[in-house]
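Heads up: the structure comes next, in structure tokens.
Number of protein chains: 4
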Amino acid sequence: MTESEQTLHPTMPAEDLGIGSVQAQRTERFLTRDGRFNTKRIGLGFLSSLSPFHLLLSLSWGKFFALVGSLFVGLNVLFAFFYMVCGTDALQMTTEHPIENTFWRAFFFSIETFSTIGYGHIAPTTLAAHLVSSIEAFTGLLGAALITGVLFARFSRPTTRILWSNNAIFAPYRGGQGLMVRMTNGAHNELIELDVQVVLVQFEGVNGQRTRRFYPLKLERNQVEFFSLAWTIVHPIDEESPLWGHSEAELQARDIELLVVVHGTDDMLAQHIHARASYKTEDFRWNVKFASIYVPNDHGAVAIDVRKLSELEEVR
Amino acid sequence: MTESEQTLHPTMPAEDLGIGSVQAQRTERFLTRDGRFNTKRIGLGFLSSLSPFHLLLSLSWGKFFALVGSLFVGLNVLFAFFYMVCGTDALQMTTEHPIENTFWRAFFFSIETFSTIGYGHIAPTTLAAHLVSSIEAFTGLLGAALITGVLFARFSRPTTRILWSNNAIFAPYRGGQGLMVRMTNGAHNELIELDVQVVLVQFEGVNGQRTRRFYPLKLERNQVEFFSLAWTIVHPIDEESPLWGHSEAELQARDIELLVVVHGTDDMLAQHIHARASYKTEDFRWNVKFASIYVPNDHGAVAIDVRKLSELEEVR
Amino acid sequence: MTESEQTLHPTMPAEDLGIGSVQAQRTERFLTRDGRFNTKRIGLGFLSSLSPFHLLLSLSWGKFFALVGSLFVGLNVLFAFFYMVCGTDALQMTTEHPIENTFWRAFFFSIETFSTIGYGHIAPTTLAAHLVSSIEAFTGLLGAALITGVLFARFSRPTTRILWSNNAIFAPYRGGQGLMVRMTNGAHNELIELDVQVVLVQFEGVNGQRTRRFYPLKLERNQVEFFSLAWTIVHPIDEESPLWGHSEAELQARDIELLVVVHGTDDMLAQHIHARASYKTEDFRWNVKFASIYVPNDHGAVAIDVRKLSELEEVR
Amino acid sequence: MTESEQTLHPTMPAEDLGIGSVQAQRTERFLTRDGRFNTKRIGLGFLSSLSPFHLLLSLSWGKFFALVGSLFVGLNVLFAFFYMVCGTDALQMTTEHPIENTFWRAFFFSIETFSTIGYGHIAPTTLAAHLVSSIEAFTGLLGAALITGVLFARFSRPTTRILWSNNAIFAPYRGGQGLMVRMTNGAHNELIELDVQVVLVQFEGVNGQRTRRFYPLKLERNQVEFFSLAWTIVHPIDEESPLWGHSEAELQARDIELLVVVHGTDDMLAQHIHARASYKTEDFRWNVKFASIYVPNDHGAVAIDVRKLSELEEVR
């Protein structure tokens, strides 16, 4: 069987989230622990892969300001050289002790032009200098527009700080067992209308090949209207579960990956939000349950302590 | 039974909106009267809980302008001190009667720089002062970009002014009774495509514990295409209703909370909007009905008077 | 039967789009011909009804620029008076022939400050004038931010120019008759994923009262993926139709209103869009069909002529 | 049968995506190869067809900057003439060697005003010049606001670079044949929650007329949660397929068009995105299969090589 045929092979159920079985035959993790894609698309042309807007949005704030500051300085150095090319008389300074250094004079004039301050104590005198300053005026207008747009986009794009329990646990549930993951909202915004999908990925022998198989797991519930406290996602391990009847040792022997995908809405911004998590075999725990996350008394409000999100208790 | 097991207990129906039964065993109200969450998540780290964008959006306009104004003054005072550090000759003033006070001179120069006005009647003379003013120029550009983005976000984020009747009432309905809440739109925008969910929360004895139980209530209708007038949400109290066969006295004895959740769309902005309300036992009324909200004649348009939203009439 | 009971009366089917039967007993049109709501909500408090953002978005471009220009002039006149209050020496002018008129001097200085130009040929000299100009600098920054946000919102908000045929027609359809409305897109953007709802509103005698009744009409199709040409919405008049078996004269005697509601997506902006139309009895035509809207040959593309949207042909 | 009747003819199945059978009787391609609409709506009035925002968004970056630059120069030339009309003394220049050319003096003054730089070394002296510069100040504010809004809209609007295989192929599938198209994401953003529709358009003899007919094709799967690698869309050719039992020669004789429509979500921006493709008979291949797109080993991540998207292998 060739690789391209396998893409279409019936061993790929419709619920594999679009990962596909060929990829599945590799042993790499599909999602990182915190839900980013552990995938690469190589061979994208330079131009087609350029996505400056996505880059400017995904940089950390520190790197972002460093980049913007560098561009600001760099552009002004560039324009300073243009003014120097215009000649030493191109910029006239009217204050008492004018800056004699032609670079600094041109650089500060450039900054006053780019930022549209224009004190006027340095002023262009020649046609050439006027032309350069006109071009810089236009550049400054576009630059301010760009930075405004990008800053707004950074602020307003949907962000989530969904916190996930460190472990996926096999805990007592309705007289049997359940596979559980606990999540809460680590930010102060309110999320609503959440729905969740959980898929189990494990290796099985198929036609003599060690193949990854995908099993969507049935959940006690897969949607909630409010998410202002914590949500314990529960997969009941009953006869229909692919985990039914397997001992802890058997499960640990397999290379399991649990993919959790959450969709919801930011209550204030009415934006659609996503979050993902992945648990590998080493993240699973047996014979434990989640410790209570509720805070007994908190001035009339129902309160949880998010620091207890991953806290486990032994089940006797 | 431990607390973490209860989270998974079958007494929690799939329709409890994600509140969970543990939280449910407390007696605090879950939503405030006007639909805000009466919940807390403590233990969020300082950094992870920082959400300046959400804060800037949720402040009232008065506080917002006070904050922005304070930042404007504070930043300019800060830069004024930087200029003063540059020395008394750093800023030269060319008008006839220059300001002698070095702080005021520096402060006004700072404002003219930050806002990119740059009259030039105060101008930097030293390299140091030029460098500070260059940094301030950059700060001013970023500041203008930030304030533009935040102001736009405040204006454009979805807002609703859904008004709710003060009471939830038990009124005559199709020969029997119905539990009713009336709502209207308190703003001039038009809302469309509304859908509503109503959940009854009440305390019951379960395994000897006083436990909150959640009952989604069937509605006469749960969606409307237009919401330009008023909508009386009706839960018919028939045999299937958890309120069926209970006297007024019995219902008042229970600690009932009625949660109402509305989703819809702003017709002009095409934004998804939400609203919530909560009614506790003390907000319920019996043997009344809503007074007519329609205005008899209003120049050809169909008109309601929103001041009559909560008006009740005795049922004889 | 009282009015508030009628709101809940079974004569209101679940499909009346949320209009309600009480309102329905009036004879006013519910939607205007071009789909705006013919409704009023009076009694809104002044503050709660203030929605400047919606107002700024809904003004025509002419009125919008007139408003913004008036605000610009008004604010500068206001600040000019503040400068005049600071005294005649407050603003010093350095050009050869200074403006002697104190108002004009103050007004132009104000404009140069508000717009952050700051030529400097007029400059403040006193502490008071400097303070006023600092406040104006802050006002100018906020003003620029506001106008930027509002202009962007006006440009980017979802707009549709759906054109509707002038008439709703009873035309031959599959050997019988169909009630048809034709629509096309009057703008150059592409709309996709459209769905449509059609509701017939007519007066009937109910319990001796002339009551409006709502009938959702079954359509030949109620959604299309593409809307780059024209769409003839067809309600087949079969045995299940509320129009079945009624003569033209009978239908004209009733006070019919046909409500058409369309939802879709702007292909470029990925924005959700809406449109509505309403046809009253006088807008109906019998024994006609829509003329072909297709243009025979147009250089390889499939073309329609939107000017023929409402063109009818007699059916022999 | 007249044309307008045909619009409603039963030969148009509900799944034709809204194209309609009249249009369908022409032989023009409905979508271009890369998914743009091959349609025209003529007769739109000049005003109603003006959609400057859509135009500004759809221009290439090069044309966009050329347009904005031209407007900048043009407006400043216009204002320069207004200043020249005010007289030769209207603008006074304070630098040592003032520009004598009245046009250049007015032009540079205009630029310094429009961009709100305002050095002040050129300053208005007359009332008329002050009025013109006030109007230009207002124009500059609006211009900056407009360009900011448009630049932001260009950056933030949903963009996709979905790459499609050059061919639609008939490849081995589960012991039979499948019609397959392969797609991947040509940009660095991540797309999620994709769903796809495929419609076959072909000519058939209906009532003696060569008529286009539309057949929605059943797919092996029509949605995936993740799209970080590649997706081979497969239509299994079984008994229910309109392609069942037809030889390659027969299919090539028909004028087939395969329309593929994809919807999804940008993972970072949470924006809804669309893409379309169209394959005509000449784009079909038989007895081939897609070559593997996976890269054997790429440092722990699952990797594909997008350059192999269209690579085919002969099926022996």
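Quick note, the sequences are listed as chains A, B, C and D, same order. Each residue of the first sequence is one higher than the one before, counting from 1 in the UniProt record's numbering. Each residue of the second sequence is one higher than the one before, counting from 1 in the UniProt record's numbering. Each residue of the third sequence is one higher than the one before, counting from 1 in the UniProt record's numbering. Each residue of the fourth sequence is one higher than the one before, counting from 1 in the UniProt record's numbering. Just so it is clear, CB atoms sit at the ideal spot from N, CA and C, and this is done for glycine as well. As the structure is a prediction and not an experimental result, all values here were calculated from the model.
Comparing alpha-carbon positions, which option in the options lies nearest residue i?
i: ALA90(C); options: GLY245(C), LEU127(C) and GLU314(C); result: LEU127(C)
i: HIS121(D); options: ASP266(D), PHE109(D) and ILE135(D); result: PHE109(D)
i: GLU96(B); options: LEU243(C), ILE147(C), PRO124(C) and PHE203(C); result: PRO124(C)
i: ALA137(B); options: ALA301(A), ASN167(A) and ILE111(A); result: ILE111(A)
i: PRO266(B); options: SER228(C), PRO158(C), VAL224(C) and LEU251(C); result: It should be noted that the sequence gives Asp, not Pro, for residue 266(B). Of SER228(C), PRO158(C), VAL224(C) and LEU251(C), the residue nearest in Cα terms is PRO158(C).
i: LEU142(A); options: GLU100(D), PHE81(D) and PHE72(D); result: PHE72(D)
i: SER43(B); options: LEU163(A), HIS274(A) and PRO236(A); result: For the sequence presented, residue 43(B) should be read as Gly rather than Ser. Ranking the options by Cα distance to GLY43(B), first place goes to LEU163(A).
i: VAL201(A); options: MET180(A), TYR279(A) and GLY35(A); result: TYR279(A)
i: PHE114(D); options: SER133(D), GLY186(D) and GLU100(D); result: SER133(D)
i: GLY175(C); options: ARG105(C), ILE147(C), ASP238(C) and LEU191(C); result: ASP238(C)
i: TYR119(A); options: ILE99(B), PRO98(B), ALA144(B) and GLN92(B); result: GLN92(B)
i: PRO296(D); options: THR39(A), GLY35(A) and GLU248(A); result: THR39(A)
i: GLN252(D); options: PHE203(D), SER58(D) and GLY140(D); result: PHE203(D)
i: LEU59(B); options: ARG254(B), ALA144(B), PHE214(B) and PHE155(B); result: PHE155(B)
i: PHE82(C); options: ALA66(C), GLY69(C) and ALA129(C); result: ALA129(C)
i: ASP283(C); options: VAL302(C), ALA301(C), VAL262(C) and ARG254(C); result: ARG254(C)
To the nearest whole angstrom, what separates the beta carbons of residue i and residue j, a pair I think is in contact under 8 Å?
i: MET183(C); j: ILE233(C); result: 7 Å
i: GLU190(B); j: SER228(B); result: 6 Å
i: ASN116(D); j: THR116(C); result: Checking the displayed sequence, the identity of residue 116(D) turns out to be Thr instead of Asn. With a Cβ gap of about 5 Å, THR116(D) and THR116(C) count as contacting.
i: GLY140(D); j: PHE152(C); result: Between PHE152(C) and GLY140(D) the Cβ distance is about 17 Å, and since that is not below 8 Å, they are no contact.
i: LEU57(C); j: MET268(B); result: 6 Å
i: ALA145(A); j: ILE147(D); result: 5 Å
i: GLN271(D); j: ALA270(C); result: 6 Å
i: ASN76(D); j: PHE107(D); result: 6 Å
Residues in the same chain with beta-carbon distance under 7 Å from residue i, minus the five sequence neighbours each way, listed in chain order, please.
i: ILE293(C); result: ALA230, ILE304, ASP305, LYS308 and LEU309
i: ALA14(C); result: Model confidence at ALA14(C) stands at a pLDDT of 40, short of 50, so the residue's coordinates are unreliable; what they give is reported in the following sentence. There are no such residues.
i: GLU225(D); result: ILE192 and GLU193
i: THR102(C); result: MET84 and THR88
i: PRO172(C); result: LYS289 and VAL315
Which residues share a DSSP beta bridge with residue i?
i: TYR215(A); result: LEU200(A)
i: ILE135(B); result: DSSP, once it has assigned bridges, lists no residue as partnering ILE135(B).
i: PRO124(B); result: LEU91(B)
i: HIS263(C); result: ASP195(C) and HIS274(C)
i: MET183(A); result: TRP164(A) and TRP231(A)
i: LYS308(D); result: DSSP output for LYS308(D) lists no bridge partner at all.
i: LYS280(B); result: GLU257(B)
i: ILE42(D); result: ASP305(C)
i: LYS289(D); result: GLU313(D)
i: GLY178(A); result: ALA171(A) and PRO236(A)
i: VAL295(C); result: ALA303(C)
Can you check whether the C-beta of residue i is within less than 9 Å of a C-beta belonging to chain G?
i: GLU112(A); result: Of the protein chains in this structure, namely A, B, C and D, none is chain G.
Apart from the five residues just before and just after residue i, which ones in its own chain have a Cβ nearer than 8 Å to its Cβ?
i: LEU312(D); result: ASN167, ILE169, ARG285, VAL288, LYS289, PHE290 and ALA291
i: LEU31(C); result: PHE37, ASN38, GLU257, LEU259, ARG276, ALA277 and SER278
i: PHE64(C); result: LEU56 and ARG154
Output needed for residue i: all residues of its chain with C-beta closer than 6 Å, excluding positions within five of it in sequence on either side, in chain order.
i: ARG161(B); result: GLY186 and ALA187
i: ILE99(C); result: ARG105
i: residue 364(A); result: Given that chain A is displayed from residue 1 to residue 316, the structure contains no residue 364(A) and the question cannot be resolved.
i: THR94(C); result: HIS121
Practice task
Would you check if there are 3 or more beta carbon pairs closer than 8 Å linking the region 213-227 of chain C to the region 190-203 of chain C?
Solution key: Proximity of the region 213-227 of chain C to the region 190-203 of chain C meets the contact definition, three or more beta-carbon pairs being nearer than 8 Å.
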